[in-house]
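Below: one structure, written as structure tokens.
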Amino acid sequence: MVRVSLDDPLALALSPPPNETPEQRSAREQAEAEARKTSEAIDEQIRQEKIALKKKKKPVKILLLGQSESGKSATLKNFQLQYAKDQWLEERLAWRAVIYLNLIKNALQVLDILQQAMSQTNKDKYPSTSLTTADISDSDGEHRSHTTVYRFTDKHRLLKLRLAPLRTVLVDLEKRLGPGSQEVHAISRSLSDSTENRARQREFGVSSNNGWKSILDKLRSTPEPGNRPSSKQREAGHDGVTDVLLGCKDDMKSLWHDPVVKQILSHRRSKIEDASGFFLDDVDRIASPDYEPADDDIVRARLRTVGVQEHSFMMEAGQSLALSTESLPLDANADRGREWIMYDFGGTRSARALWAAFFDDVDTIIFLAPISCFDERLREDQDVNRLEDSLQLWRIVCSSPVLAKAQIILFLNKCDILHKKMKRGVSVRDYVPSFADRKNDTMTVMKYFQQHFKDLFKSCSPEPRPFFVHFTSVIDTKATATTLSVVRESVLRQHLQNARLI
Ligand SMILES: Nc1nc2c(ncn2[C@@H]2O[C@H](COP(=O)(O)OP(=O)(O)OP(=O)(O)O)[C@@H](O)[C@H]2O)c(=O)[nH]1
Ligand SMILES: [Mg+2]
Numbered sequence: 001m002v003r004v005s006l007d008d009p010l011a012l013a014l015s016p017p018p019n020e021t022p023e024q025r026s027a028r029e030q031a032e033a034e035a036r037k038t039s040e041a042i043d044e045q046i047r048q049e050k051i052a053l054k055k056k057k058k059p060v061k062i063l064l065l066g067q068s069e070s071g072k073s074a075t076l077k078n079f080q081l082q083y084a085k086d087q088w089l090e091e092r093l094a095w096r097a098v099i100y101l102n103l104i105k106n107a108l109q110v111l112d113i114l115q116q117a118m119s120q121t122n123k124d125k126y127p128s129t130s131l132t133t134a135d136i137s138d139s140d141g142e143h144r145s146h147t148t149v150y151r152f153t154d155k156h157r158l159l160k161l162r163l164a165p166l167r168t169v170l171v172d173l174e175k176r177l178g179p180g181s182q183e184v185h186a187i188s189r190s191l192s193d194s195t196e197n198r199a200r201q202r203e204f205g206v207s208s209n210n211g212w213k214s215i216l217d218k219l220r221s222t223p224e225p226g227n228r229p230s231s232k233q234r235e236a237g238h239d240g241v242t243d244v245l246l247g248c249k250d251d252m253k254s255l256w257h258d259p260v261v262k263q264i265l266s267h268r269r270s271k272i273e274d275a276s277g278f279f280l281d282d283v284d285r286i287a288s289p290d291y292e293p294a295d296d297d298i299v300r301a302r303l304r305t306v307g308v309q310e311h312s313f314m315m316e317a318g319q320s321l322a323l324s325t326e327s328l329p330l331d332a333n334a335d336r337g338r339e340w341i342m343y344d345f346g347g348t349r350s351a352r353a354l355w356a357a358f359f360d361d362v363d364t365i366i367f368l369a370p371i372s373c374f375d376e377r378l379r380e381d382q383d384v385n386r387l388e389d390s391l392q393l394w395r396i397v398c399s400s401p402v403l404a405k406a407q408i409i410l411f412l413n414k415c416d417i418l419h420k421k422m423k424r425g426v427s428v429r430d431y432v433p434s435f436a437d438r439k440n441d442t443m444t445v446m447k448y449f450q451q452h453f454k455d456l457f458k459s460c461s462p463e464p465r466p467f468f469v470h471f472t473s474v475i476d477t478k479a480t481a482t483t484l485s486v487v488r489e490s491v492l493r494q495h496l497q498n499a500r501l502i
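Everything in the sequence shown is counted per UniProt numbering, starting at 1 for the first residue and increasing by one.
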């Protein structure tokens, strides 16, 4: 018998009626059991809805992987340009400093090559004379000998003097833009451990999602001492660097268009025009007081990624998905207002140790492999062929068990440079003997390399998954926009499948 305290109104309300018959009691207990069941079903429904909501809100996670200078950051910029226009416009002016840096580096590189060629000749003894045998080293360290007559004049000596201020400005810009403004070069084994460790340490660290911007903002707001621009100039981002560039504009052009310089450069295997962040053809436009970087300039600008940069953006309204007729239906607005988080990593060898920490829960990996680099070597390790390094990296990524469920999209990038090399007659077979007697043209080479990547993908993936590949030149923003619309749908499809929402 249940005892009820008359002092407790709640207990009293819930207690069975007095003098309850066995039939009444059984009916009451049945009703209570049903009410309990209904309540539990409602609780479960709420729980499921909460899970679904959480899944729905889960951001799309994309990693950009590939060796240094493969085009990861340039791909990210294309995503921003297409799908995060506000961010893009906000950052536009900030890129000017990086483009200045790139242009100054280009000019100084050409000047150094000229200087090296001049120093080979005994100019003190024979002013205005010629060099008969030049031993000019390529940017990748390869020394080549030529028996060409170079006719140096006072103009060349003057250029060396007149362009000297660029060196001071470069040091200043590098200081202000941080370690990303310098490439990582091979560290000589004779260097002390501490030096090597310091170089390595600079590779690590997570930057904010506005890493570049915060550095560049700082640059704009802190002009050089003694070189204070007027408020009007500051508004236009004008500072001491701009002044030096304006002052050196004609000499930079004169250097770049000089016939002797052209002659020296023509003997180099690697073309300076194909190098990262090349702007010497745009001096007129860039060395101008009211220069504003164009979209293409920003995508072409080179600033090495240090550590990892996390970029988050919401898919903006008005960006409908270009839906394919693939098996599973997808709502055309499926990713409106959805957050995308893209991780852009440094790709140098020492920087890659950081990647694995971000492998959990990845929806898609966009792997960049520069297809034009079959005849190049890594800056950080001159013994390693770039293509071989890319294939090794690809193997590691494809075979990772943690990434077994991730979708991997391969961008065989820098097809424009490959095409130029094919037109120049660079022989693939000289660097990739297995290419054998195949036709040395762009299409054949593209297909050949693609097959290699595909074979590795198939043999190394822990479980079968589809192979997605795009031939890209990501500095071509128009063509890349088309590629990205396909990639976007594919990424979203994968994300929804991972979240079991389709
Ligand atoms: N011509 C040409 N240049 C490209 C292409 N893709 C990228 N670049 C340029 O190559 C340079 C290197 O590209 P990034 O995007 O900085 O390379 P990354 O993979 O981010 O390199 P790290 O940050 O060092 O890992 C930049 O100046 C790009 O503009 C391409 O398809 N064609
Ligand atoms: Mg980068």
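Even for Gly, the Cβ is constructed at its ideal location relative to N, Cα and C.
Residue i - partner residues in DSSP beta bridges
i	result
TRP340	VAL60 and PHE313
GLN120	DSSP lists no partner for GLN120.
residue 503	Lying outside 1 to 502, the shown extent of the chain, residue 503 is not represented and no answer is given.
ALA369	LEU412
VAL469	LEU410
ARG377	ASN385
Distance CB(residue i)-CB(residue j) smaller than 9 Å
i	j	result
PHE313	LEU63	no
GLU69	ARG268	no
GLN407	VAL491	yes
ASP430	ASP375	yes
THR364	ILE409	yes
LEU255	LEU114	yes
PRO16	ARG28	yes
ALA287	CYS248	yes
LEU81	MET342	no
VAL487	ALA74	no
HIS495	THR483	no
ASP437	MET422	no
GLU388	ARG96	no
residue 521	TYR100	The requested residue 521 is not part of the displayed model; the chain covers only 1 to 502.
LEU177	ILE104	no
PHE457	PHE449	no
GLN48	SER390	no
PRO462	SER399	yes
GLY180	ASN413	no
ASP282	ASP297	yes
ASP284	LYS253	yes
Simplified DSSP state of residue i, which is helix, strand or coil
i	result
ASN498	helix
LEU484	helix
PHE345	strand
GLU196	Interpretation of GLU196 is limited by its pLDDT of 42, a score under 50 that renders its predicted location unreliable; the figure taken from the coordinates is listed afterwards. Looking at GLU196 - three-state DSSP - the assignment turns out to be helix.
GLY178	coil
TYR448	helix
GLY237	Because GLY237 carries a pLDDT of 49, less than 50, the predicted location of this residue cannot be relied on, and the following value inherits that uncertainty. Coil.
GLU183	coil
ARG269	coil
PRO259	helix
VAL432	coil
ALA351	helix
PHE359	coil
GLU224	Bear in mind that the predicted position of GLU224 carries a pLDDT of just 46, short of 50, making it too unreliable to give a figure here.
LEU163	coil
PRO17	coil
GLN67	coil
LYS458	helix
LEU53	helix
VAL426	coil
PHE453	helix
LYS439	coil
ARG300	helix
ASP8	coil
PRO229	Caution applies to PRO229, whose pLDDT of 48 falls short of 50 and renders its modelled position unreliable; the value that the coordinates give is listed next. Note: PRO229 maps to coil in three-state DSSP.
Distance between beta carbons of residue j and residue i, contact taken as under 8 Å
i	j	result
TRP394	ALA369	7 Å
VAL171	ALA301	No, VAL171 and ALA301 are not in contact; Cβ-Cβ is about 19 Å, not under 8 Å.
LEU108	LEU161	LEU108 to LEU161, Cβ: 14 Å. No contact.
PHE106	VAL299	Note that residue 106 is Asn in the sequence shown here, rather than Phe. The Cβ separation is near 17 Å, so there is no contact.
ILE272	VAL110	7 Å
When the Cβ atoms of the stretch 87 to 96 are set against those of the stretch 346 to 361, are three or more pairs found closer than 8 Å? When Cβ pairs closer than 8 Å are counted between the two stretches, the stretch 87 to 96 is seen not to touch the stretch 346 to 361, the count staying below three.
Mind the definition here: the stretch 299 to 307 touches the stretch 340 to 356 only if three or more C-beta pairs lie below 8 Å; say whether that holds. Inter-segment contact for the stretch 299 to 307 and the stretch 340 to 356 is present: three or more beta-carbon pairs are separated by less than 8 Å.
Any 3 or more C-beta pairs closer than 8 Å across the stretch 466 to 478 and the stretch 38 to 54: The stretch 466 to 478 vs the stretch 38 to 54: no contact.
Measuring CB atoms only, is the stretch 152 to 171 touching the stretch 100 to 120, in the sense that at least three cross pairs come out at less than 8 Å? Segments in contact, yes.
Would you call the stretch 156 to 165 and the stretch 276 to 287 touching, i.e. three or more CB-CB distances under 8 Å? No contact exists between the stretch 156 to 165 and the stretch 276 to 287.
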